[in-house]
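Visitor: Attaching a single structure in structure tokens format; questions to follow.
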Amino acid sequence: MSETAVLAEDVDVVYTGRQSTKRALDGLNLSIAPGAVHAILGPNGAGKTTFIRVATTLLIPTSGRVFVHGLDVVRQAGSVRDIIGVAGQYATVDESLTGRENLLLTGTLYGLSREERAARAVDLLERFDLVDAADRATKTYSGGMRRRLDLAASLTGDPQVLFLDEPTTGLDVRTRNALWEEVRAIADRGVTIVLTTQYLEEADALASRISIIDAGRVVVEGTPAELKSTVGEEILTLKPVDNHLLGTLAEAVGGEIVEGTVRARTARHGVTSVLETALAVGPLSSVTTTTASLDDVFLAYTGHIAEDEQPPAPTSRWGRRR
Amino acid sequence: MSTMTRPARTDRPSRSRRFITDTLALAGRSLAKFRRNPQAIVFTIVQPVMFVLLFRYVFGGAIQTPPGVDYVNLLIPGIVVQNALFSAASASVAISDDLASGFTDRLRSLPTARLAPLTGRVLADTLRAGLLVIVIFLVGLLVGFRPEWGPGLLAAWLLLMLIAFGFAWIAVAIGVSVKSPEVAQSAGFIWIFPLTFASSVFVPVSTMPDWLAWFATINPVTQFANATRGLVLLGEVDSAMGWTLLWVVIFAVVGGFLSIRGWNRMTRA
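Residue numbers (this note's numbering), protein chains in the order written: chain H, 1 to 322; chain L, 1001 to 1269.
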């Protein structure tokens, strides 16, 4: 039997505050194959970061179990930490140490010998194009360099599974593309990559499989192509002349209301029948058809549009980040 | 390219060995952070020097001392106690900073010895307190402080680091329980002022009103200052030494317990 790299079974996480409780994960099930690049895609507050915290042993789930290569993240947390790497949305390197010192420190904490960690640091600095900056304090690094160092640090222990929590959030396009190349190169070495993102483009570009999560559970999972085909091949965006008819129109064609239009999905041969139904409701001021994208998949399964703006600080135990 | 589970690493050092290695590595990181922050160094040194000058030359003349005892000789052993506490108290901000920046998350996702981030911090702040004590001692010599030269000085230095060690655990407990570095900044330091001023650090307790003298007498800081004076001025073990050691143990045990409990609770939702 081929082992799963990450297996989540009915994971619940309920945050209990003084005034309220919040269900961050609600029966999440997930199975990730070794060697996959698996994207967990979802809106803010869907539970992406919470899942990463559970899988990386930082948070004990309220119920349910998570295994990394068969190791229980709660009961065998120490062994799990030996085989995972984590890079977060915020580069968690020490600003006053140099790039090399950060990698050496991480190496020490992984239990590597002096020679091993020195060699590993040199290797990683080269791979991530940080040789020139190696002996400078990381507070002088650009945002992109910090992310690269953070990624390098997460590979110090030669992990089998790498967790990337929104790795490109807040990066400019050029830096993001460079980071994507790094992620692909890591994947090519056989490392399983679990990546959370709220960018559909990122999931489409990197992932071999995508799980869309919303409100703490997986709503759909598949390859990017499978997901696109499940929502139909063609998307019709219909704008009625009379805005009051939006609701009726949406109901008639089985679509969703988005920004004053109705979006309906159909197989290619179904376009005319959708149009006939729509025109029976009332006259239309515009009609466009597009081929389904992951945006449409996202909308179909979560009921809202994927967010493109900067997310607020993620929820950690502390509820804030700088 | 292999995606199979590799066999568990068998060449790993033992748990206790790793605890020591990780503690030293993280203490080294904390000290490097301090060493490379010139501002922090300047302020850490300027503040006690100001206290020394202020009390030596501004207030000192007005403070009554027992006949034949020079005020500066009472002052310096008191100020080193105050600064050992200040130095230890900075642990609360540092711990809170690491939690806020995500650095702690990274440490906790590595196979780091579980408590090494805490013990590393305490070790760093204890050593830093030891350095600060030496600096104040030297400044004291410049302004007329005359200790009893002998092994009592070395014993006092070790005692001050022990005091810093005990207090650092209280500071770490504060650091792991407050919600932000800003809160840690005030919660970590505010209690040091009443403790050090309502004590024998700057003035003889006998000059205080009864109620305050009562508090100052049981105040651990008075015990610390008196025990230090015994060693530094007379080369003797003062009767305050017993209380001092007891307080240090209490601070370390209570602080350590609360720190570890807070640390382990972080994995709960």
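Glycine included, each C-beta is placed from N, C-alpha and C at the ideal position. For clarity, every value in this text was computed on a predicted model and none was experimentally measured.
When the Cα of residue 1149 of chain L is compared with those of L:1230, L:1039 and L:1019, which residue comes out closest?
Guide: Walking along the second sequence from the start, residue 1149 of chain L turns up at place 149. Ranking L:1230, L:1039 and L:1019 by Cα distance to residue 1149 of chain L puts L:1230 first.
Visitor: Taking only beta carbons into account, state which residues of the region 10-40 of chain H come closer than 8 Å to chain L, listed in chain order.
Guide: Listed by position along the chain: 13, 14, 15, 16, 24, 34 and 35.
Visitor: 8 Å is my cut-off, CB to CB: does residue 1119 of chain L come that close to chain H?
Guide: If you number the second sequence from 1, residue 1119 of chain L lands on position 119. Residue 1119 of chain L does not count as touching chain H.
Visitor: Does the beta carbon of residue 1109 of chain L come closer than 8 Å to any beta carbon on chain H?
Guide: Position 109 of the second sequence, counting from 1, holds the residue named residue 1109 of chain L. It does; some Cβ of chain H falls within 8 Å.
Visitor: Output yes if chain H places a C-beta closer than 8 Å to the C-beta of residue 1044 of chain L; else output no.
Guide: If you number the second sequence from 1, residue 1044 of chain L lands on position 44. No, residue 1044 of chain L does not count as interfacial toward chain H.
Visitor: Spatial neighbours of residue 1189 of chain L within its chain, please: CB distance less than 7 Å, with the 5 preceding and 5 following residues excluded, ordered by chain position.
Guide: Locating residue 1189 of chain L in the second sequence gives position 189, where the first residue counts as 1. Contacts found: 1089.
Visitor: Could you check whether the Cβ of residue 1101 of chain L sits closer than 8 Å to any Cβ belonging to chain H?
Guide: The residue labelled residue 1101 of chain L in the question sits at position 101 within the second sequence. With 8 Å as the cut-off, residue 1101 of chain L counts as an interface residue toward chain H.
Visitor: Quick one: measure Cβ to Cβ for residue 135 of chain H and residue 100 of chain H, integer angstroms, because I've assumed they're closer than 8 Å.
Guide: Here residue 135 of chain H corresponds to residue number 135 of the first sequence, with the count starting at 1. Here residue 100 of chain H corresponds to residue number 100 of the first sequence, with the count starting at 1. The Cβ separation is near 6 Å, so the contact holds.
Visitor: So the alpha helix (DSSP H) residue 181 of chain H belongs to, where does it begin and stop?
Guide: Stepping through the first sequence from its first residue, residue 181 of chain H is reached at position 181. Run containing residue 181 of chain H: 173-188, per the alpha helix (DSSP H) assignment.
Visitor: Note down, in chain order, all residues in the region 1019-1045 of chain L with a beta-carbon under 7 Å from any beta-carbon belonging to chain H.
Guide: Hits within the stretch, in order: 1021, 1022, 1025, 1029, 1032, 1033, 1036 and 1037.
Visitor: Drop a sphere of 10 angstroms on the beta-carbon of residue 298 of chain H, count the other beta-carbons inside from all chains shown, and report buried for 16 or more, exposed for fewer.
Guide: Position 298 of the first sequence holds residue 298 of chain H. It is buried - the Cβ of residue 298 of chain H has at least 16 other Cβ atoms within 10 Å.
Visitor: Which of the three DSSP states is assigned to residue 1033 of chain L in this structure?
Guide: Counting from one through the second sequence, the residue named residue 1033 of chain L turns up at place 33. Residue state, collapsed to three classes: helix.
Visitor: Alpha carbon to alpha carbon, what distance is there between residue 1201 of chain L and residue 86 of chain H?
Guide: Walking along the first sequence from the start, residue 86 of chain H turns up at place 86. Walking along the second sequence from the start, residue 1201 of chain L turns up at place 201. Taking the straight line joining both Cα atoms gives about 49 Å.
Visitor: Can you give me the start and stop residues for the alpha helix (DSSP H) that residue 283 of chain H sits inside?
Guide: As a working mapping, residue 283 of chain H is identified with position 283 in the first sequence. Where residue 283 of chain H is concerned, there is no enclosing alpha helix (DSSP H), given that its DSSP letter is neither H nor E.
Visitor: Between residue 1269 of chain L and chain H, is any beta-carbon pair separated by less than 8 Å?
Guide: Position 269 of the second sequence, counted from the start, is the residue given in the question as residue 1269 of chain L. Closer than 8 Å: yes.
Visitor: Quick one: does residue 1013 of chain L have its CB under 8 Å from some CB of chain H?
Guide: By one-based count along the second sequence, residue 1013 of chain L stands at place 13. So yes, residue 1013 of chain L belongs to the interface.
Visitor: Identify the continuous beta strand (DSSP E) that holds residue 1083 of chain L and give its terminal residues.
Guide: Residue numbering aside, residue 1083 of chain L sits at position 83 when the second sequence is read from its first letter. Counting along the chain, residue 1083 of chain L falls outside any beta strand (DSSP E), though it belongs to the alpha helix (DSSP H) covering 1071-1101.
Visitor: Comparing the C-beta of residue 1229 of chain L with each C-beta of chain H, is any distance below 8 Å?
Guide: Locating residue 1229 of chain L in the second sequence gives position 229, where the first residue counts as 1. Taking Cβ atoms only, chain H never reaches closer than 8 Å to residue 1229 of chain L, which makes this a no.
Visitor: Should residue 266 of chain H and residue 274 of chain H be called a contact, given that it needs their Cβ atoms to be closer than 8 Å?
Guide: Position 266 of the first sequence, counted from the first residue, corresponds to residue 266 of chain H. Position 274 of the first sequence, counted from the first residue, corresponds to residue 274 of chain H. Cβ atoms of residue 266 of chain H and residue 274 of chain H: closer than 8 Å.
Visitor: Taking residue 29 of chain H as part of the beta strand (DSSP E), name the residues at either end of that continuous run.
Guide: Sequence index remark: in the first sequence, residue 29 of chain H carries index 29 (1-based). Where residue 29 of chain H is concerned, the enclosing beta strand (DSSP E) stretches over 21-32.
Visitor: Compare the C-alpha of residue 1246 of chain L against each of L:1268, L:1034, L:1060 and L:1223 and name the closest.
Guide: For the purposes of this step, residue 1246 of chain L is taken as the residue at position 246 of the second sequence. Nearest option by C-alpha distance: L:1223.
Visitor: Would you identify the three-state DSSP class for residue 239 of chain H, choosing helix, strand or coil?
Guide: Numbered from 1 along the first sequence, position 239 holds the residue referred to as residue 239 of chain H. Residue state, collapsed to three classes: strand.
Visitor: For residue 1213 of chain L and residue 1203 of chain L, which I take to be in contact (beta-carbon distance under 8 Å), what is that distance rounded to the nearest angstrom?
Guide: As a working mapping, residue 1213 of chain L is identified with position 213 in the second sequence. As a working mapping, residue 1203 of chain L is identified with position 203 in the second sequence. So it is not a contact: roughly 11 Å between Cβ atoms.
Visitor: Measure the CB-CB distance between residue 953 of chain L and residue 1184 of chain L and report whether it falls below 8 Å.
Guide: A question about residue 953 of chain L goes unanswered here, because the residues of chain L that appear run from 1001 up to 1269.
Visitor: Which of the three DSSP states is assigned to residue 244 of chain H in this structure?
Guide: Position 244 of the first sequence holds residue 244 of chain H. In the structure shown, residue 244 of chain H sits in a helix (DSSP, three-state: H, G or I).
Visitor: Determine, using beta carbons only, whether residue 1105 of chain L comes closer than 8 Å to chain A.
Guide: Included in the structure are the protein chains H and L, with no chain A among them.
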